[in-house]
Amino acid sequence: MSDDKKESLQKLQQLLQSLQVGQQVSETSSLPPKKKDEYKFWKTQPVASFEEKIQSEGPIDERKTPDDIADSPLPLLSSFEWVNVDMEDDHQADQLYDLLCNHYVEDKDSSLRFQYSQKFLKWALKSPRWKKDWHVGVRVKESGKLVAFISAIPVNLSVREKKIESVEINFLCVHKQLRSKRLAPILIKEITRRVNKCDIWHALYSGGGVIPTPVSTCRYTHRPLNFGKLYECGFSGLPHNTTKEQMIARYTIGSSTKLTGLRSLESKDLDQVKTLFDTFQSKYELYQNFTTEELEHWLLGDKEQQNLENQNDKVIQSFVVENDSGEITDFVSFYILPFGVLQDNVHKTVNVAYLFYYATTAGLKEPSDDIEATKVLKHRLIELVGDVLVLAKQLGIDVLNALTSQDNTLFLQDLKFGLGDGYLHFYLFNYRAFPIDGGIDKETGKFDEIKRSKVGVVML
Ligand SMILES: CCCCCCCCCCCCCC(=O)SCCNC(=O)CCNC(=O)[C@H](O)C(C)(C)COP(=O)(O)OP(=O)(O)OC[C@H]1O[C@@H](n2cnc3c(N)ncnc32)[C@H](O)[C@@H]1OP(=O)(O)O
1 MSDDKKESLQ KLQQLLQSLQ VGQQVSETSS LPPKKKDEYK FWKTQPVASF EEKIQSEGPI
61 DERKTPDDIA DSPLPLLSSF EWVNVDMEDD HQADQLYDLL CNHYVEDKDS SLRFQYSQKF
121 LKWALKSPRW KKDWHVGVRV KESGKLVAFI SAIPVNLSVR EKKIESVEIN FLCVHKQLRS
181 KRLAPILIKE ITRRVNKCDI WHALYSGGGV IPTPVSTCRY THRPLNFGKL YECGFSGLPH
241 NTTKEQMIAR YTIGSSTKLT GLRSLESKDL DQVKTLFDTF QSKYELYQNF TTEELEHWLL
301 GDKEQQNLEN QNDKVIQSFV VENDSGEITD FVSFYILPFG VLQDNVHKTV NVAYLFYYAT
361 TAGLKEPSDD IEATKVLKHR LIELVGDVLV LAKQLGIDVL NALTSQDNTL FLQDLKFGLG
421 DGYLHFYLFN YRAFPIDGGI DKETGKFDEI KRSKVGVVML
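Note that the UniProt record's numbering numbers the sequence shown so that position 152 is 152, with each residue one more than the last.
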């Protein structure tokens, strides 16, 4: 077959892929596209505007001090009250689970919704240096019902060469019956106030909808592991002229991992993993600087998960490759976050895993030329994530999702990840930054292994 023909066949396959896999959940997909002046809240906030030509990077607002910040929250309607949701109290953690389970992010046709378990939420919200005061809820005074939530956790970010003390904002949620009443801006102002009171002035957040102004945009991709179930749930469709059996065969994977020395990550590996990770991450333009304690939390789980009898029940799964000399040459991790199937279906959940952090020594030292180093890295990542597919399948995962961030575009196609229809936009609060490559072509939304992403953060 000529190269031209091969290329057009490949393009056709990619197109088919993008049509068939993944009704990706799109956060804030309810937001209609708006003209820039219609962002009534966001145009009052220290964020870059759409039309702005960034001249230099740095904070937007002039430096304030915590004393300049109001001591009390904005008032709510008299029937509601501000509360801290205590994630150490199972009953309150359950109320948050309930709110998110019924009102958080859904796909476009409301057929799937993220199902963050209590275990997951405790891990996500109680990372080192967490504060109860940053788990902000709104309750109905009379019934005590939790109807809205927003959270922050502390993070030490790097934006290119600058280190920025920040928070990561997540789990913004308003009960469906209270939507479109401008409660979200009040929650955002309140979390900003509480974070500013701690002398922190910047934040990282992400979402599926466009607001002013993404610093980077990545795309979701999906690798079916149980095509039959995904098809039955309506998560994946059948491409023209194919049968379910053919698709199942296409996505079949081996039953055992291939890398010699691959095993679960243990606490004793953390120092080595940290050194490896720091080196690997520093090539990105947006990444988090983790302490060893943070790495332990994010890769091994909180104490509750570390103490689980069956480690397969952990929402975070991490693995290392150890060579004959006892050196850790690679690590890779994924987290598990099911979707609840909302419509009447034989299946109640889709078991979804998301590729999380990884690092490898491959391509770091030898060979020295860039093209060769990339080939070595690509080859290793195909092996490493290839084994993740097997490990995830063994845990009963139906689909592995990955963004086009990190070095993912090097292996996505080889490992049969298909383009989803969801994007993830990354935002910085009170910080102007030049755009950061998200691994996709801005015009077509397709990924390209030549154009690698510079985004090294992964958000839950
Ligand atoms: C220094 C520290 C700083 C800390 C703060 C940093 C910033 C953090 C920012 C938050 C990062 C969150 C990260 C995550 O958790 S992303 C996950 C977001 N959650 C969901 O998608 C769950 C399902 N949806 C809902 O619960 C509601 O629809 C939400 C709560 C999203 C909006 O409620 P509602 O639909 O009832 O709307 P409203 O009438 O109250 O308000 C309308 C205004 O809100 C703006 N809006 C809507 N959705 C989002 C969104 N996802 N990020 C930022 N802004 C958003 C919108 O443009 C409009 O403003 P403007 O267009 O008029 O200007």
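Where is the CB? At the ideal position from N, CA and C, for every residue including glycine.
Source: prediction; values computed, not measured.
Measuring only from the beta carbon, is residue i closer than 7 Å to any heavy atom that is part of ligand 1?
i           : result
Ile-191     : yes
Ala-48      : no
Lys-40      : yes
Trp-201     : yes
Cys-218     : no
Pro-75      : no
residue 462 : Past the boundaries of the shown model lies residue 462; the chain is included only from 1 to 460, so the question cannot be answered.
Ile-211     : yes
Val-215     : no
Arg-129     : no
Val-429     : The residue asked about is misnamed: residue 429 is Phe in this sequence, not Val. Checking the Cβ of Phe-429 against ligand 1 gives yes.
Tyr-104     : yes
Pro-435     : no
Val-457     : no
Phe-171     : yes
Arg-139     : no
Val-136     : no
Arg-432     : no
Ala-359     : no
Val-388     : no
Lys-53      : no
Arg-182     : yes
Tyr-423     : no
Gly-340     : no
Our contact map puts residue i next to residue j with C-beta atoms below 8 Å; I'd like the distance itself, whole angstroms only.
i           : j       : result
Thr-404     : Arg-219 : 5 Å
Pro-338     : Val-350 : 6 Å
Gln-55      : Ala-93  : With 8 Å as the limit, Gln-55 and Ala-93 do not qualify as a contact, their Cβ atoms being about 45 Å apart.
residue 512 : Thr-361 : Residue 512 is absent from the structure shown; the chain starts at 1 and stops at 460.
Trp-123     : Gly-301 : 6 Å
Glu-142     : Ser-78  : Between Ser-78 and Glu-142 the Cβ distance is about 11 Å, and since that is not below 8 Å, they are no contact.
Ser-318     : Leu-299 : 4 Å
DSSP state of residue i, grouped into three classes?
i           : result
Gly-58      : strand
Gln-198     : A small correction: the amino acid at residue 198 is Cys; Gln does not occupy that position in the sequence shown. Looking at Cys-198 - three-state DSSP - the assignment turns out to be coil, as it is neither helix nor strand.
Trp-82      : strand
Leu-172     : strand
Gln-45      : coil
Glu-285     : coil
residue 463 : This structure cannot speak to residue 463, because the chain is shown only from 1 to 460.
Tyr-251     : coil
Tyr-97      : helix
Glu-266     : coil
Val-350     : strand
Gly-207     : strand
Val-385     : helix
Leu-76      : coil
Lys-365     : coil
Glu-165     : strand
Gly-445     : coil
Arg-160     : coil
Pro-224     : strand
Val-455     : strand
Ile-69      : coil
Tyr-231     : helix
Leu-377     : helix
Ile-450     : coil
Phe-356     : strand
Thr-217     : strand
Leaving out five residues on either side along the sequence, give the residues of the same chain with a beta carbon under 8 Å from the beta carbon of residue i.
i       : result
Lys-163 : Asn-156, Leu-157 and Asn-289
Thr-213 : Val-47, Ala-48, Ser-49, Phe-50, Glu-52 and Tyr-427
Gly-228 : Lys-244 and Ile-248
Quick check: does the Cβ of residue i come within less than 7 Å of any heavy atom belonging to ligand 2?
i      : result
Tyr-97 : Absence of ligand 2 from the depicted structure is noted, with ligand 1 being the only ligands included.
Using C-beta distances below 6 Å, list every residue in its chain close to residue i, excluding the 5 sequence neighbours before and after it, in chain order.
i       : result
Gly-363 : Ala-373, Val-376 and Leu-377
Ser-206 : Leu-424, Phe-426 and Met-459
Ala-433 : Glu-57, Val-159 and Val-215
His-103 : Cys-173, His-175 and Lys-176
Val-320 : Leu-265, Asp-269, Ile-328 and Phe-331
Ala-203 : Ser-166, Val-167, Ile-169 and Phe-429
Pro-185 : Phe-41
Glu-449 : Thr-409 and Leu-410
Got a sec? Which residues, its chain only, sit under 7 Å from residue i by beta carbon, not counting five neighbours each side?
i       : result
Ile-200 : Glu-165, Ser-166 and Val-167
Considering only residues of the stretch 391-436, which uninterrupted beta strand (DSSP E) runs meet the minimum length of 3 residues and lie entirely inside it, listed in chain order? Whole beta strand (DSSP E) segments, 3+ residues: 399-403 and 418-429.
Could you tell me which whole beta strand (DSSP E) segments of length 3 or greater appear in the stretch 294-340? 316-322 and 328-336
Just to confirm the assignment: which complete beta strand (DSSP E) runs, minimum length 3, are found wholly within the stretch 89-156? 112-114 and 135-140
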